[in-house]
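Letter by letter, the sequence shown follows residues 2 to 311 in the numbering used here.
Below is one structure, written out as structure tokens; comments come after it.
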Amino acid sequence: MRTNPAATVSLDGSSAQGPQDARAFAESIKLYLVTVFEIDGSRITTHGSLKAHPSSEHPGGNSELVLLGAENRRVDIESKSPELLAEAGGGMMKPVQINTTQENPLDFEVVFSVDSAQEKVKSWSVNATDDRGNVQHFGPFTGNQQGLPAATILGDSPSGDYKITLLADLNNGSTVTKETSVHLLRPDPVITGGFRYSIVFDYDKAKSIAEYDEFLTNVVAPLIIDGATVTIHGHTDIIGQEAYNQKLSDERAQQTQKIIESAIANSGRDHVKFETTGFGEDANHSPFDNNLPEDRFYNRTVIIDIVPVK
2 MRTNPAATVS LDGSSAQGPQ DARAFAESIK LYLVTVFEID GSRITTHGSL KAHPSSEHPG
62 GNSELVLLGA ENRRVDIESK SPELLAEAGG GMMKPVQINT TQENPLDFEV VFSVDSAQEK
122 VKSWSVNATD DRGNVQHFGP FTGNQQGLPA ATILGDSPSG DYKITLLADL NNGSTVTKET
182 SVHLLRPDPV ITGGFRYSIV FDYDKAKSIA EYDEFLTNVV APLIIDGATV TIHGHTDIIG
242 QEAYNQKLSD ERAQQTQKII ESAIANSGRD HVKFETTGFG EDANHSPFDN NLPEDRFYNR
302 TVIIDIVPVK
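In structure tokens form, the structure reads like this:
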């Protein structure tokens, strides 16, 4: 707002205590902007309401109301000034841009998949046995998919051959055992240029808002060259059942992939590889903690990584 003196914002407070309490929240944010950043108060309007828009609650819902209520006690910042809005158009604020070097733990992860585990399997675990007979045990797990850091399995070894034994306890009381082998090799660190974008979803929604459809189509998709690898990871907060959140994150990731695929269709980019996974509420992969309302907002996300050549 200091760079664009004509830009204006609206601060919309919400509180279960009523509009007056909500307006006081908004006024406190306005005071902060005026006193700390010296923004002219005439450029900031404030409002207060009983419910946040969009709300983190479903009408008639009675589950985890304490967590949801905390999320509805907030101030939303909105603007119609073009200087503050995303290049893709619509009413979405411009995203934050960060240039950094980041290690991708998924580049060196062994992923185990058990089809229909959440419907048929009580729990499952993995044993990794090296060529000296040393056994490492991992689990139990309950989801359809679980990643394990290869560095954890290798320990101090640069490489190794392992017999992998998967043991699944089924809901009918029986046990299933599957075996395979894997060779792990610790890779040399390689810095690869790429792009990372993230979009957030409303509470309990798998369909992105229209502005994000435009963002994915007009900003993200043009950066994908032929031969690129696009990694898409879906996430959720911890509110709700774990199995439901896993499905929700899968749907968020798949819906994002469909939008991008549609945007690059018939463009001559026929060799783009998609690696799309939903992690649900898995804390090992969540981009943020779930302790604060803001954390949970940010965890309702899909993260898109574009690597030109992989």
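Idealized CB from N, CA, C, for every residue including glycine.
Endpoints, alpha helix (DSSP H) assigned at residue i
i	result
Val-35	20-38
Gln-247	243-265
Arg-75	Here Arg-75 belongs to no alpha helix (DSSP H); instead the beta strand (DSSP E) covers 75-79.
Lys-121	118-121
Assumed close pair residue i, residue j - CB separation to whole angstroms, cut-off 8 Å
i	j	result
Ile-307	Leu-224	6 Å
Ser-117	Pro-141	Actually they are not in contact, since the Cβ atoms of Ser-117 and Pro-141 sit about 17 Å apart, beyond 8 Å.
Ile-265	Leu-217	Not a contact, Cβ separation roughly 10 Å.
Thr-237	Asn-300	6 Å
Arg-187	Pro-159	5 Å
Pro-294	Glu-72	4 Å
Gly-269	Asp-227	7 Å
Asn-304	Val-221	Just to set this straight, residue 304 is Ile in the shown sequence, not Asn. At roughly 12 Å, the Cβ-Cβ gap does not stay under 8 Å, so Ile-304 and Val-221 are not in contact.
Best match in the options for proximity to residue i [C-alpha to C-alpha]
i	options	result
Val-273	Ile-233, Gly-19, Gly-281	Ile-233
Gly-42	Gly-49, Ser-50, Ser-29	Ser-29
Val-136	Thr-181, Tyr-33, Lys-164	Lys-164
His-48	Leu-34, Ala-25, Ile-40	Ala-25
Glu-180	Leu-167, Asp-189, Leu-186, Arg-187	Leu-167
Asn-173	Glu-120, Thr-302, Phe-139	Glu-120
Leu-69	Leu-149, Thr-257, Gly-269, Gly-241	Gly-241
Val-111	Thr-176, Leu-51, His-184	His-184
Asp-205	Gly-194, Ala-169, Val-221, Glu-252	Glu-252
Leu-12	Gly-161, Ser-250, Gln-258, Val-76	Val-76
Thr-143	Glu-243, Asn-5, Val-35, Arg-3	Glu-243
Rounded separation between residue i and residue j - CA only
i	j	result
Arg-74	Ser-15	5 Å
Phe-275	Gln-255	10 Å
Glu-230	Arg-133	Sequence check: residue 230 is Thr here, not Glu. Approximately 37 Å, taken between the alpha carbons.
Leu-1	Val-127	Here the chain comprises residues numbered 2 to 311, so residue 1 is not present and cannot be evaluated.
Asp-203	Thr-178	40 Å
Arg-44	Thr-9	5 Å
Glu-262	Ile-200	16 Å
Tyr-33	Glu-65	32 Å
Asn-246	Tyr-213	21 Å
Ala-169	Val-37	58 Å
Ser-283	Thr-302	Here residue 283 turns out to be Asp, not Ser, going by the sequence shown. Whole-angstrom Cα-Cα distance: 13 Å.
Gly-195	Pro-309	6 Å
Thr-257	Lys-248	14 Å
Delimiting residues of the beta strand (DSSP E) encompassing residue i
i	result
Gly-197	The sequence as given places Arg at residue 197; Gly does not occur at that position. Here the beta strand (DSSP E) through Arg-197 covers 196-201.
Glu-110	110-114
Phe-298	Element bounds for Phe-298: not the beta strand (DSSP E) but the alpha helix (DSSP H), 294-300.
Gln-137	136-142
Gly-279	274-279
Asp-13	10-15
Phe-49	For the record, residue 49 in the displayed sequence is Gly; it is not Phe. That run of the beta strand (DSSP E) goes 45-50.
Q: Entirely within the segment 151-197 and at least 4 residues each: give me those alpha helix (DSSP H) ranges in chain order.
A: 151-155
Q.
Could you tell me which whole beta strand (DSSP E) segments of length 3 or greater appear in the segment 208-244?
A. 230-235
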